[in-house]
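Written out below as structure tokens is the structure these notes cover.
Number of protein chains: 2
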Amino acid sequence: MTKKTAYNIAVVGATGAVGQKIVQILEAKKFPVNTLKLLSSERSAGKKLLFNNKEIIVEKATAESFAGIDIALFSAGGSVSKALAPKAVEHGAVVIDNTSAYRMDENVPLVVPEVNESDIKAHNGIIANPNCSTIQMVAALKPLQKAFGLSRIIVSTYQAVSGAGNQACKELENQVKQFLDNQDLTAELLPVKGDKKHYPIAFNALPQIDVFQDNGYTFEEMKMINETKKIMHSKELAIAATCVRLPFFTSHAESVYVELERDNVDVKDLWGVLTNAEGIVLEDDPSTQTYPTPLSAANKEEVFVGRVRKDIDNPNGFHLWIVSDNLLKGAAWNTVQIAERLIENDWL
Amino acid sequence: MTKKTAYNIAVVGATGAVGQKIVQILEAKKFPVNTLKLLSSERSAGKKLLFNNKEIIVEKATAESFAGIDIALFSAGGSVSKALAPKAVEHGAVVIDNTSAYRMDENVPLVVPEVNESDIKAHNGIIANPNCSTIQMVAALKPLQKAFGLSRIIVSTYQAVSGAGNQACKELENQVKQFLDNQDLTAELLPVKGDKKHYPIAFNALPQIDVFQDNGYTFEEMKMINETKKIMHSKELAIAATCVRLPFFTSHAESVYVELERDNVDVKDLWGVLTNAEGIVLEDDPSTQTYPTPLSAANKEEVFVGRVRKDIDNPNGFHLWIVSDNLLKGAAWNTVQIAERLIENDWL
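Residue numbers (the numbering used here), protein chains in the order written: chain A, 721 to 1068; chain B, 721 to 1068.
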């Protein structure tokens, strides 16, 4: 069969924070698009988005939307993916799903291309894009695992409100205005849209992302734990996570402690590996106060690493500060990257 | 000698973020004040502060300011403490110093009253108040150490800008206004006033608090490590810290991982100990989204603990989220508490 030179693409959730970024990246990366179908809920249908200087009208997503589609990129929430991704597959599309709906499904590859590209090949029509906070961590840690072995990860996150969508960004902005106007801060969405209580995020820190599980961990924390094991093919890897929402718009940061299996490794060895790792930018020079921050990483597609330090007590322990744009490498760019690798490797 | 019923108190750095809080607390706690002398740099001298509804004019601090003073509370920076605390001691005052100048001095007790009150007794005229991020952590962890033993602490902090003083708060507020006005954010102070580079804190996270040390850790991180060992009388305790400045005004939060020495401990055991611990408030109920936040802890003197979880991989590992007002328990209130205990125990 001759390989196509351009593909019919659908973006589901096109008007959302991630969907909009996907459309921008398809254009910026000159992705081989034949037709682009933008899909959304009924509420957002009729909106117009620009792609290659042409207006595209957003349509309501239905089971029939996927006729003739080669690749469908989903980021409209788990329930939409559960309802419509199988329909897209029935129509012959390959789905790359940016929700948690299929991530832990044994029949669905969970992929960060720099880490486990070859897992894509085994797909059965659906490939899952990992959680944002997971993607940047495994992108930085997989090269270290390969070089030195890895037995333990303890991560505390510093996560941007855009991970909760455009409405959460508006809530932060609105609360900041209320603060400057000496008004009480009104909270209606964060930490979790559907949960019982809401707290202000402006000038605050909320140690809850997604709903609580029976074990006292939040779903976000369990995503980081379970997805990391799956992507890194390391069921026995010990991982703990504490996930915290903070008042910035873009980029997640992570304070990560790791224990390496190999002895006699030092910071320069980690620097060497990270400098040569695909998709990683090392920004680590205390003498010039060089380290990544959420603002410095925003709108960039790489994962930035700094503050690499050897633990003072454990010679196999190291600390790292990992930052990346949660909407790009953490979502839209990783999704498009998977689509690129699908095509490059002829795994459609 | 008959115990005095009221004391001559000096507050050095009275116009600063912490100094102002000290004056408020002396009043609110009905501290037995005979005379209150408010001292500052030449620049702030002449300002007036209210104490018990009376205006007190702030005077320039000199070596002679301490004649007749019983207790001098210093929080005007390390260089002021180094220059003037010995002079105050020569005049017969006991100094409670809220800077890093004497904290690691072997002849100076470093005190969190709930943790090591009895260390006060050995003072030679100077008692040091620990770093804000250290105080709240040891206040929460000492009861756990007593009950279960403690071998390991790994902490990532979420620290308020008020820890860098009133000017840092103004910088954050100014940057927030610039953001709403679509202007570039101007950074002139944070992360560290005297350091080479400055970065915006609004809508950002800065993984640098205080200057970098030769080992790649910041001074703030080394303070947490070294001060914790001194206060807890545990030189062999393994501690690692990553300290991060964040865009909120008040309260530090800490994501803390600990390893306990005793086996077969569970979350309910930690809850039991923390519920009965002096100065600690347990706020931990995932079913009602109950956990402390910087905003909920602001203007309160206790240390709040939530998100207590057993590590999934290490049965002796636990995670906690510790929050406290950095200007109160982290500074002014702990300072006044030490003064109270000095008097109560007749250790002046």
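Every residue gets a Cβ at the ideal spot worked out from N, C-alpha and C, and that includes glycine.
inquiry  = Going by the DSSP bridge assignment, what does Phe899/A pair with across the sheet?
reply    = One-based indexing of the first sequence puts residue 899/A at position 179. According to DSSP, Phe899/A shares a beta bridge with no other residue.
6 Å CB neighbourhood of Thr906/B in its chain, flanking five on each side removed = Taking the first residue of the second sequence as position 1, residue 906/B is located at position 186. Excluding positions up to five away in sequence, the list is empty.
query = Pick from Leu900/B, Ala783/B, Val743/B: whose alpha carbon is nearest that of Asn772/B?
reply = If you number the second sequence from 1, residue 772/B lands on position 52. Closest option to Asn772/B, Cα to Cα, is Val743/B.
ask   = So, does the CB of Ser954/B fall closer than 7 Å to a CB anywhere in chain A?
value = Here residue 954/B refers to the residue found at position 234 of the second sequence. Output row for Ser954/B: interface = no.
query = If you measure from the beta carbon of Tyr822/A to each beta carbon in chain B, is any gap under 7 Å?
reply = Sequence index remark: in the first sequence, residue 822/A carries index 102 (1-based). Not closer than 7 Å to any Cβ of chain B, the Cβ of Tyr822/A fails to qualify, so no.
ask   = Assuming Gly745/B and Val1056/B make a contact with CB atoms under 8 Å, what is their CB distance in whole Å?
value = Here residue 745/B refers to the residue found at position 25 of the second sequence. Here residue 1056/B refers to the residue found at position 336 of the second sequence. The sequence given here has Ile at residue 745/B, not Gly. The Cβ separation is near 5 Å, so the contact holds.
message = Between Pro1006/B and chain A, is the shortest Cβ-Cβ distance under 7 Å, so that the two count as touching?
response = Start at 1 with the first residue of the second sequence, and residue 1006/B comes out as number 286. With its beta carbon less than 7 Å from one in chain A, Pro1006/B belongs to the interface.
request  = Assign Phe786/B to one of three DSSP states: helix, strand, or coil.
outcome  = On the second sequence, residue 786/B is found 66 positions in, with the first residue counted as 1. DSSP places Phe786/B in the helix class (H, G or I) of the three-state scheme.
inquiry  = Using CA atoms only, rank isn't needed, just tell me which of Pro833/B, Trp1041/B, Val858/B is closest to Ala961/A.
reply    = By 1-based counting over the first sequence, the position of residue 961/A is 241. Closest option to Ala961/A, Cα to Cα, is Trp1041/B.
request  = Flag Ser820/B as yes when its Cβ comes closer than 6 Å to any non-hydrogen atom of the ligand COA, and as no otherwise.
outcome  = Among the components of this structure there are no ligands whatsoever, and the ligand COA is therefore not found.
message = Here's a check: name, in chain order, each residue in its chain whose Cβ is nearer than 6 Å to the Cβ of Phe968/B, leaving out the five neighbours to either side.
response = What you label residue 968/B is simply residue 248 of the second sequence in a count that begins at 1. Excluding five sequence positions before and after Phe968/B, the CB atoms of its chain that fall closer than 6 Å to its own CB belong to Ala880, Pro1014, given in chain order.
task = With Thr854/B as the anchor, note down where its alpha helix (DSSP H) starts and where it stops.
result = To locate residue 854/B, count along the second sequence from 1; it is residue 134. That run of the alpha helix (DSSP H) goes 852-868.
ask   = So Pro911/B and Tyr919/B are in contact, right, with Cβ under 8 Å, and what is the actual spacing, rounded?
value = For this step, residue 911/B is matched to residue 191 along the second sequence. For this step, residue 919/B is matched to residue 199 along the second sequence. Taking 8 Å as the upper bound for CB-CB distance, Pro911/B and Tyr919/B are in contact here, some 6 Å apart.
task = Could you tell me whether the Cβ of Gly936/B comes closer than 7 Å to any Cβ of chain A?
result = Within the second sequence, the letter at position 216 stands for residue 936/B. Closer than 7 Å to some Cβ of chain A, the Cβ of Gly936/B qualifies, so yes.
inquiry  = Cβ closer than 7 Å: which chain B residues qualify as neighbours of Ser876/A?
reply    = Here residue 876/A is taken as the residue at index 156 of the first sequence, counted from 1. Simply Ser876, Ser975.
query = Do Ile929/A and Thr938/A have their CB atoms nearer than 7 Å?
reply = To locate residue 929/A, count along the first sequence from 1; it is residue 209. To locate residue 938/A, count along the first sequence from 1; it is residue 218. Yes. Within cutoff.
task = Would you verify that the beta carbon of Leu980/B is, or is not, closer than 7 Å to some beta carbon of chain A?
result = As a working mapping, residue 980/B is identified with position 260 in the second sequence. Chain A contact via Cβ: absent.
message = Let me confirm a value: Gly999/B is counted as buried when at least 16 other C-beta atoms fall within 10 Å, else exposed. Which label applies?
response = The residue given as residue 999/B occupies position 279 in the second sequence. Around the Cβ of Gly999/B, a 10 Å sphere holds 16 or more other Cβ atoms; the residue is buried.
task = Taking only beta carbons into account, state which residues of the segment 917-951 of chain B come closer than 7 Å to chain A, listed in chain order.
result = Along the segment 917-951 of chain B, going in chain order, the ones with a CB nearer than 7 Å to a CB of chain A are Lys917, Tyr919, Pro920, Phe923, Asn924, Ala925, Leu926, Pro927, Gln928, Phe932, Gly936, Tyr937, Ile945.
task = Under 8 Å by Cβ, that's how I've got Gly733/B and Ser795/B pegged, so tell me the actual separation to the nearest angstrom.
result = Position 13 of the second sequence, counted from the first residue, corresponds to residue 733/B. Position 75 of the second sequence, counted from the first residue, corresponds to residue 795/B. Between Ser795/B and Gly733/B the Cβ distance is about 4 Å, and since that is below 8 Å, they are a contact.
task = Mind listing the chain A neighbours of Asn1034/B? Cutoff is C-beta to C-beta under 9 Å, in chain order.
result = Taking the first residue of the second sequence as 1, we reach residue 1034/B at position 314. Chain-ordered, the chain A residues with CB closer than 9 Å to the CB of Asn1034/B read Arg872, Ala958, Ala960.
ask   = Out of curiosity, what's the CA-to-CA distance linking Asp983/B and Gly936/B?
value = By 1-based counting over the second sequence, the position of residue 983/B is 263. By 1-based counting over the second sequence, the position of residue 936/B is 216. Taking the straight line from one Cα to the other gives about 34 Å.
query = If you check the beta carbons only, do Gly1050/A and Glu979/A fall under 7 Å apart?
reply = Here residue 1050/A refers to the residue found at position 330 of the first sequence. Here residue 979/A refers to the residue found at position 259 of the first sequence. Judged by beta-carbon spacing, Glu979/A lies beyond the 7 Å limit of Gly1050/A, meaning their Cβ atoms are not closer than that value.
query = From Gly797/B to Arg763/B, what does the alpha carbon distance come to, in whole angstroms?
reply = Counting from one through the second sequence, the residue named residue 797/B turns up at place 77. Counting from one through the second sequence, the residue named residue 763/B turns up at place 43. Rounded to the nearest angstrom, the two C-alpha atoms are 15 Å apart.
key: alpha helix (DSSP H) segment containing Glu979/B, residue limits   = Here residue 979/B refers to the residue found at position 259 of the second sequence. Where Glu979/B is concerned, there is no enclosing alpha helix (DSSP H), although the beta strand (DSSP E) it sits in stretches over 972-980.
request  = List the whole-angstrom C-beta distance separating Pro850/B from Arg872/B, where the pair is believed to meet the contact cut-off of C-beta under 8 Å.
outcome  = Within the second sequence, residue 850/B is the residue found at index 130, counting from 1. Within the second sequence, residue 872/B is the residue found at index 152, counting from 1. With 8 Å as the limit, Pro850/B and Arg872/B do not qualify as a contact, their Cβ atoms being about 20 Å apart.
request  = Could you list which residues in chain C have their beta carbon closer than 7 Å to that of Lys807/A, in chain order?
outcome  = Absent from the structure is chain C; the protein chains it does hold are A and B.
query = Do you know offhand how far Ile789/B's Cα is from Ala867/B's?
reply = For this step, residue 789/B is matched to residue 69 along the second sequence. For this step, residue 867/B is matched to residue 147 along the second sequence. Within the model, the alpha-carbon separation for Ile789/B versus Ala867/B is close to 40 Å.
Boundaries (first-last residue) of the beta strand (DSSP E) holding Asn754/A = Counting from 1 along the first sequence, the entry for residue 754/A is found at position 34. It spans 753-760 - the beta strand (DSSP E) in which Asn754/A sits, taken as one unbroken run.
ask   = Using a C-beta to C-beta distance shorter than 7 Å, which residues of chain B count as neighbours of Asp901/A?
value = Position 181 of the first sequence holds residue 901/A. Those do not exist, as Asp901/A stays about 11 Å from chain B at its closest Cβ, beyond 7 Å.
inquiry  = Strictly under 7 Å for the Cβ-Cβ distance: is Asp1031/A near chain B by that measure?
reply    = Start at 1 with the first residue of the first sequence, and residue 1031/A comes out as number 311. Yes, its Cβ sits closer than 7 Å to a Cβ of chain B.
inquiry  = I'd like the ranges of any alpha helix (DSSP H) spanning at least 4 consecutive residues and lying wholly in the segment 912-948 of chain A.
reply    = Fully enclosed alpha helix (DSSP H) runs of 4 or longer: not present.
query = Under three-state DSSP, which class holds Leu994/A?
reply = Here residue 994/A corresponds to residue number 274 of the first sequence, with the count starting at 1. Helix at Leu994/A.
inquiry  = In whole angstroms, give me the CA-to-CA distance for Val814/A and Pro863/A.
reply    = Residue mapping note: residue 814/A aligns to position 94 of the first sequence, counting from 1. Residue mapping note: residue 863/A aligns to position 143 of the first sequence, counting from 1. Our two residues, Val814/A and Pro863/A, have alpha carbons roughly 29 Å apart in a direct line.
key: Best match in Ile874/B, Gly736/B, Lys749/B, Ala848/B for proximity to Ile1086/A [C-alpha to C-alpha]   = Here chain A has residues from 721 to 1068 only, and residue 1086/A is not among them.
ask   = Where do the N-terminal and C-terminal ends of the alpha helix (DSSP H) with Lys768/A fall, by residue?
value = As a first step, residue 768/A must be located in the first sequence, where it is residue number 48. Not the alpha helix (DSSP H): Lys768/A falls in the beta strand (DSSP E), residues 768-771.
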